Amino acid sequence: MANPSILILAGDGIGPEVMAEVKKIIAWFGQKRAITFDVAEDLVGGCAYDKFGTPLHDDTMARAQAADCVLLGAVGGPKYDKLDFSVKPERGLLRLRKEMDLYANLRPAQCFDALADFSSLKKDVVAGLDIMIVRELTSGVYFGEPRGIFTEGNERVGINTQRYTESEIARVARSAFELARRRRNKVCSMEKANVMESGILWREVVQEVHDKEYNDVELSHMYADAGAMQLTRWPKQFDVIVTDNLFGDLLSDLAAMLTGSLGMLPSASLGAPMKNGRPKALYEPVHGSAPDIAGQGKANPIACILSFAMALRYSFDMGADATRVEQAVEKVLAQGLRTADLMGPEGGKPVSTGQMGDAIIAALDASL
Ligand code: IPM
Ligand code: MG
Numbered sequence: 133m134a135n136p137s138i139l140i141l142a143g144d145g146i147g148p149e150v151m152a153e154v155k156k157i158i159a160w161f162g163q164k165r166a167i168t169f170d171v172a173e174d175l176v177g178g179c180a181y182d183k184f185g186t187p188l189h190d191d192t193m194a195r196a197q198a199a200d201c202v203l204l205g206a207v208g209g210p211k212y213d214k215l216d217f218s219v220k221p222e223r224g225l226l227r228l229r230k231e232m233d234l235y236a237n238l239r240p241a242q243c244f245d246a247l248a249d250f251s252s253l254k255k256d257v258v259a260g261l262d263i264m265i266v267r268e269l270t271s272g273v274y275f276g277e278p279r280g281i282f283t284e285g286n287e288r289v290g291i292n293t294q295r296y297t298e299s300e301i302a303r304v305a306r307s308a309f310e311l312a313r314r315r316r317n318k319v320c321s322m323e324k325a326n327v328m329e330s331g332i333l334w335r336e337v338v339q340e341v342h343d344k345e346y347n348d349v350e351l352s353h354m355y356a357d358a359g360a361m362q363l364t365r366w367p368k369q370f371d372v373i374v375t376d377n378l379f380g381d382l383l384s385d386l387a388a389m390l391t392g393s394l395g396m397l398p399s400a401s402l403g404a405p406m407k408n409g410r411p412k413a414l415y416e417p418v419h420g421s422a423p424d425i426a427g428q429g430k431a432n433p434i435a436c437i438l439s440f441a442m443a444l445r446y447s448f449d450m451g452a453d454a455t456r457v458e459q460a461v462e463k464v465l466a467q468g469l470r471t472a473d474l475m476g477p478e479g480g481k482p483v484s485t486g487q488m489g490d491a492i493i494a495a496l497d498a499s500l
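Under the numbering used here, the letters of the sequence shown match residues 133 to 500, in that order.
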């Protein structure tokens, strides 16, 4: 059988630095576990614009469609702020999500014991936190038509459209219920059914899918604004949260910060199964390209490494090896290793991106 294939799109800013550490781990699997991945690399975002005049070349899009999964670093940077909207680095990422039809975006927010003090919330509110936000990723106001800036009378009007079909809601709801069954069996669905028709439909369809197919799972509904409040008040009441594209964007940033560092959190974006049974998939850290620290060896590679662990679990059915990587990360954190973003007020000496990667490799060695 052919080796599993991975397309790496490291992107901009700290993307290539954190991805370099993932490549070490991929190589480790080849050497120490005799699991060889066929790795190809290509450009996305600002670097693709610099070379091709577009943030995602059609050839790259085709390679992404053909790979078993895509690993993405980060896109964007101040250099590209003035570009026309249609060629901004983010458009490359949005095109990948849309054309690969990656409708279920899994964003775990997990608080590592060693970092519980880093949260801006009280330690007992966040210690042991383990929730999963499932964000719809290919529809809603991010993609709805009509959209644009138009002229009406003597002024301009900016328009975006929130739009969801039943089937779009149902499929992401199923992803959330399936995940919940493998976790603590609870789903909370968030929308604004009090003000939006799309929210009313969202609530109805999630409830229908639940009643017909998943009535063993505990389901609740919450308005998204109240959800934001509950997430900061007592986040441990949640297990899986399912919500739309825009609310999911906001709520997942909020949830990420509960855990202390954005530099720690991975994500998976999953679509329908391909011919080989694997889901269409793209894995990326939740953090951005952090241009202010790019190229200095300061970036935290853990979110990107944990994104690769999610690839092992969801694309390659290697759950035990995914756990092995996650435990290696926990181990180095427990040993006190910290990149610059994890330095508390008491200070200390941070390790570099590369040193963090090497320490995780050492912990993987010790796991054999
Ligand atoms: C995210 C980001 C993206 C989004 C941007 C970079 C387009 O904020 O993945 O959460 O808004 O979806
Ligand atoms: Mg976001």
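Just so it is clear, CB atoms sit at the ideal spot from N, CA and C, and this is done for glycine as well.
A quick note: this is a predicted structure, and the numbers were derived from the prediction, not measured.
Endpoints, beta strand (DSSP E) assigned at residue i
| i | result |
| --- | --- |
| I291 | E287 to T293 |
| Y355 | E350 to Y355 |
| C320 | K318 to E323 |
| L402 | P398 to P405 |
| F282 | G276 to E284 |
| V266 | D262 to E268 |
| V273 | No beta strand (DSSP E) contains V273, which DSSP labels as neither H nor E. |
| L139 | S137 to G143 |
Whole-Å CB distance - residue i paired with residue j, under 8 Å assumed
| i | j | result |
| --- | --- | --- |
| V258 | L390 | 5 Å |
| L386 | L363 | 6 Å |
| G147 | S421 | 6 Å |
| C201 | L414 | 7 Å |
| F250 | G468 | Not quite, the Cβ-Cβ distance comes to about 13 Å (not below 8 Å), so this is no contact. |
| G272 | D376 | 5 Å |
Three-state secondary structure (DSSP) of residue i
| i | result |
| --- | --- |
| K211 | helix |
| S252 | coil |
| R239 | strand |
| L175 | coil |
| L234 | coil |
| I146 | coil |
| D191 | helix |
| V464 | helix |
| L469 | coil |
| D170 | strand |
| V372 | strand |
| E416 | strand |
| Y181 | helix |
| M151 | helix |
| Q459 | helix |
| K366 | One point to set straight first is that residue 366 is Trp, not Lys, in the sequence displayed. DSSP places W366 in coil when its eight states are reduced to three. |
| P221 | helix |
Terminal residues of the alpha helix (DSSP H) in which residue i lies
| i | result |
| --- | --- |
| G409 | Here G409 belongs to no alpha helix (DSSP H), and DSSP marks it neither H nor E. |
| E329 | E329 to E345 |
| G205 | Note, G205: premise wrong, no alpha helix (DSSP H); beta strand (DSSP E) at C201 to A206. |
| S384 | N377 to L390 |
| I492 | T485 to S499 |
| I434 | I434 to Y446 |
| L311 | E298 to R313 |
Classification of residue i by the beta-carbon crowding that lies within 10 angstroms, buried from 16 upward
| i | result |
| --- | --- |
| R165 | exposed |
| A356 | buried |
| G145 | buried |
| R229 | buried |
| M133 | exposed |
| Q242 | buried |
| M361 | exposed |
| S447 | buried |
| D473 | buried |
| L500 | exposed |
| E277 | exposed |
| F282 | exposed |
| V289 | exposed |
| N326 | exposed |
Contact under 9 Å by Cβ, residue i with residue j
| i | j | result |
| --- | --- | --- |
| I158 | V150 | no |
| R267 | D381 | yes |
| S393 | L247 | yes |
| G178 | G205 | no |
| M354 | M396 | no |
| M450 | I138 | no |
| L175 | L141 | yes |
| F217 | E462 | no |
C-beta neighbour in chain C for residue i, strict 9 Å
| i | result |
| --- | --- |
| V150 | The chain labelled as chain C is not found in the depicted structure, where only one protein chain is given. |
Contact test: residue i Cβ vs the ligand SAH heavy atom, cutoff 8 Å
| i | result |
| --- | --- |
| D385 | With respect to the ligand SAH, the structure shown offers nothing to examine, as its ligands consist of the ligand IPM and the ligand MG. |
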